[in-house]
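Quick note, the sequences are listed as chains A and B, same order.
Numbering-wise, the first sequence is residues 14 to 315 according to our numbering.
Numbering-wise, the second sequence is residues 59 to 285 according to our numbering.
C-beta: ideal position from N, C-alpha, C; glycine also.
Keep in mind the model is a prediction, meaning the values are calculated, not measured.
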Amino acid sequence: MNEPVSNLKSAFESGRFVFTGEIGPPKGTNVQSCLHEAEEYLKDSVTAVNVTDGQTAVMRIGSIAVSNMLLERGIEPVFQMTCRDRNRIALQMDLLSAYSLGIRNVLSLTGDHVAMGDHPEAKPVFDLDSVGLLQAMVKLEAGTDMGRDMKGNPNKLEGAPKFFKGCCVTPCAEEVELQIIKLEKKVEAGAQFVQTQAVYEPAVFEKFMQRIEHLKAPVMVGIVMLKSVGMAKYMNRSVPGVHVPDELITRLSDTAKEDLQRVSIEICGELIRKMKHCCQGAHLMTLGWGHCVPDIIAAALA
Amino acid sequence: MIVAERKPFDEILEMLSPYKRVLVLGCGGCVTVCLTGGERQAEELASQLRLASRHKSMDLTVDYDCITRQCDREFTENLKESPAQYDCVLSMACGVGVQFMSQLYPDVPFLPAMNTTFYGANTAPGLWEEYCHGCGDCVLALTGGICPIARCSKSLVNGPCGGAQDGKCEVSNQMDCGWHLIYKRLTEKGKVDELRKIRPPINWKTDRGAGVRRLILEEMVEEESEV
């Protein structure tokens, strides 16, 4: 009975600085390369691996299936779950399905709008928001669901799941108070850990962390590899709440192409070193450069 | 008001292809106010159709008319000619008017000249914006008078997603983030704390979750039956 819910939860409880990674399932059934990335480079480096759920509203193989494939390979998944494509019935069904397969870590996300993706004609669902999805998980854990029986009582489940529930926040967003209010609600609704959007401004992040000190959930700072100058500029232009400082852009543009990966790893390592005193872990988003994860971690701990 | 915009001309022409005698019928309600389906627009569309008919040898006879509202039985008295005189009526009302009229005149095809788009207001010259979703469970008292169901692209009830940039929605930079508007309004009023309470998931039953919606005023039903 006292078995820990997940290794990720235990890792936070142990007080050590936690690393997680991320893979994006492919469009189609050829999962070999994303599984290879996870097995070869992430398995022995990170505590858990996020599996994205139709990232940027692009149709792909599902997060539950790929999370399950990770489990089969001895890798602990963080099942990312968005509210974009499923109503509360389907969300609760998938939560039970995920649990039955052995998935324990679930990250509650709103999800990008369908207009952002490759099926802009699809009906956007958003029946629940990310707070409501966390509430749904808590209800399932209590052995009931969101519905009511004929007498108006909560429906009872035959067997209840137990999750380690996460949520997301953007620390460098323009209206940070609004982000914090929503984060407080997510934690109140049941979130037990927090992953952030990409951060390139350690000072802004530190201030943000001071403002959420009262929240007792561990926070993993989001680290996205800058693979090129173009990507850094693109992020400044198009990714909300992310600002890559000029100093990093200059550094990347002064780097020869063959050295880009090494410099990108160095930048990630430096960012984590600057921020690890005020957070509990780092979530590494390597965007296909999973082979860099061991070096990023080594640089972060140097 | 209900906002509607005219369908592309070619689509209208295609709809009319089986018919010869056509009545273009404007509506004096919402679509007159949003300058898309009133008397003037009916007159314009009728003359456009006559021109096209001549140009493409379609042999159309086109008249136009406009009544106060197409969603109300009493105003049909004001029709200059009975719809039965025509092969079809091209209605410039919203979807309600088109359906209601075709129910009153089941022998005449009523075709939609408009796409009915949203409930909105005229917020700047030439601009109409969606303000209400008609969800059936108004939360405006809690959100500074700005609707998160209609004015957040994701209808989120507990605050914004992470997608807004410079106060604009991730769907389009021409679109305000509804939650930024709510936050701004509540900040001005010193009432940001009102956002701190968790809002339960939306009860979509009052939206479309319980099927087709009706409004019944019991008193009037009784009065009618007594008469």
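Taking 8 Å as the cut-off, decide whether the C-beta atoms of Arg64(B) and Met172(B) are in contact.
Going by C-beta atoms, Arg64(B) is nearer than 8 Å to Met172(B).
My output table needs one value for Pro38(A): the three-state DSSP class, helix, strand or coil.
In this structure, Pro38(A) counts as coil in the three-state DSSP scheme.
Would you please state the rounded distance, in angstroms, between the beta carbons of Lys40(A) and Met82(A)? I believe it to be under 8 Å.
Not really, about 16 Å apart at Cβ, beyond 8 Å.
In angstroms with no decimal places, state the Cα-to-Cα distance between Glu260(A) and Val276(A).
If you draw a straight line from the Cα of Glu260(A) to the Cα of Val276(A), it is about 13 Å long.
Residue-chain proximity (Arg266(B), chain A), Cβ-Cβ < 8 Å
Closer than 8 Å: no.
Distance between His132(A) and Ala156(B) (C-alpha atoms, nearest Å):
According to the sequence shown, residue 156(B) is Val rather than Ala. Spanning the two alpha carbons is a distance of roughly 31 Å.
Enumerate in chain order the residues of its own chain whose CB-to-CB distance from Cys305(A) is below 6 Å, with the five nearest sequence positions on each side excluded.
In its chain, beyond the 5 residues on either side, Ile278, Thr299 have a beta carbon closer than 6 Å to the beta carbon of Cys305(A).
Whole runs of the alpha helix (DSSP H) within the region 92-160 of chain A, excluding any shorter than 4 residues:
Runs of the alpha helix (DSSP H) inside the region 92-160 of chain A: 101-114, 143-154.
Let's test the definition: count the other Cβ atoms within 10 Å of the Cβ of Asp98(A) and tell me whether it reaches 16, buried, or not, exposed.
Buried.
Using 8 Å as the threshold, is the C-beta distance between Gln192(A) and Val182(A) below it?
For Gln192(A) and Val182(A), yes; Cβs fall inside 8 Å.
If you draw a straight line from the alpha carbon of Cys129(B) to that of Leu162(B), how long is it in whole angstroms?
C-alpha separation (whole angstroms): 10 Å.
Can a CB atom of chain B be found closer than 8 Å to the CB of Met14(A)?
Legend: pLDDT at Met14(A) = 48, less than 50; position of this residue unreliable, value from coordinates given subsequently. It does not; no Cβ of chain B falls within 8 Å.
Using a Cβ cut-off of 8 Å (strictly closer), state whether Lys198(A) contacts chain B.
For Lys198(A), a Cβ of chain B is located within less than 8 Å of the residue's own Cβ.
CB contact flag (Phe30(A), Lys289(A), <8 Å)
Going by C-beta atoms, Phe30(A) is nearer than 8 Å to Lys289(A).
Any 3 or more C-beta pairs closer than 8 Å across the region 184-198 of chain B and the region 206-217 of chain B:
The region 184-198 of chain B vs the region 206-217 of chain B: in contact.
Evaluate Ala155(A) with the Cβ neighbour count: other Cβ atoms within 10 Å of its Cβ, from every protein chain shown; 16 or more gives buried, anything less gives exposed.
Answer is exposed; the Cβ neighbour count stays below 16.
Round the Cβ separation of Asp145(B) and Lys78(B) to the nearest angstrom and send it over; I've been treating them as touching at under 8 Å.
Rounded to the nearest angstrom, the Cβ distance from Asp145(B) to Lys78(B) is 5 Å, consistent with a contact under 8 Å.
Exposed unless 16 or more other CB atoms sit within 10 angstroms - verdict on Ala151(B)
Only buried fits Ala151(B), as 16 or more other CB atoms lie within 10 angstroms of its CB.
Can you pull the DSSP bridge partners for Leu83(B)?
Per DSSP, Asp123(B), Ser149(B).
Within 8 Å, do at least three Cβ pairs link the region 117-126 of chain B to the region 307-314 of chain A?
No, they do not touch.
Judging by CA-CA distance, which residue of Asp66(A), Val151(A), Leu170(A) is the nearest neighbour of Leu122(A)?
Comparing Cα-Cα distances from Leu122(A) to each of Asp66(A), Val151(A), Leu170(A), the minimum goes to Asp66(A).
Less than 8 Å between CB atoms is the rule here; does Trp262(B) satisfy it with respect to chain A?
Using a Cβ-Cβ cut-off of 8 Å, Trp262(B) counts as an interface residue toward chain A, since at least one Cβ of chain A sits closer than that to its own.
Any chain B beta carbon closer than 8 Å to Glu226(A):
Cβ-Cβ to chain B under 8 Å: no for Glu226(A).
In the DSSP assignment, find the unbroken alpha helix (DSSP H) run with His113(B) in it and report its ends.
Residues 97-113.
Amino acids of chain A, ordered along the chain, whose beta-carbon sits closer than 7 Å to that of Cys219(B):
Within chain A, the residues near Cys219(B) are Thr123.
Given a cut-off of 8 Å on the beta-carbon distance, is the pair Ala61(A) and Asn118(A) in contact?
Taking C-beta atoms as the reference points, Ala61(A) and Asn118(A) count as a pair closer than 8 Å.
For the 8 Å Cβ check, are there 3 or more pairs between the region 246-259 of chain B and the region 199-210 of chain B?
Contact between the region 246-259 of chain B and the region 199-210 of chain B is present, because at least three Cβ pairs lie under 8 Å.
At 9 Å on the CB atoms, spell out the chain A contacts of His191(B), in chain order.
Per Cβ cutoff of 9 Å: no residues; His191(B) is ~12 Å from chain A at best.
Considering Gly178(B), what are the terminal residues of the beta strand (DSSP E) in which it resides?
In this chain, the beta strand (DSSP E) harbouring Gly178(B) covers 172-182.
If you draw a straight line from the alpha carbon of Glu97(B) to that of Glu72(B), how long is it in whole angstroms?
Each residue's Cα considered, the two are about 23 Å apart.
I'd like to know whether the C-beta atoms of Gly153(B) and Pro170(B) end up nearer to each other than 8 Å.
Yes, the pair counts as a contact, with Cβ atoms nearer than the cut-off.
Outcome for Pro67(B) when other beta-carbon atoms lying within 10 angstroms are tallied against a minimum of 16
Residue 67(B) is actually Phe in this sequence, not Pro. Counting the other CB atoms within 10 Å of its CB gives Phe67(B) a total below 16, which places it among the exposed residues.
Given that Arg101(A) touches chain B, what residues does it touch there, using C-beta distances under 8 Å?
Residues of chain B with a Cβ closer than 8 Å to the Cβ of Arg101(A) are, in chain order, Pro259.
Start-to-end residues for the beta strand (DSSP E) that takes in Thr209(A):
From DSSP, the beta strand (DSSP E) with Thr209(A) extends over 206-211.
Does the beta-carbon of Leu341(B) have 16 or more other beta-carbons within 10 angstroms, so that it is buried, or is it exposed?
Since the first and last residues shown for chain B are 59 and 285, residue 341(B) lies out of range.
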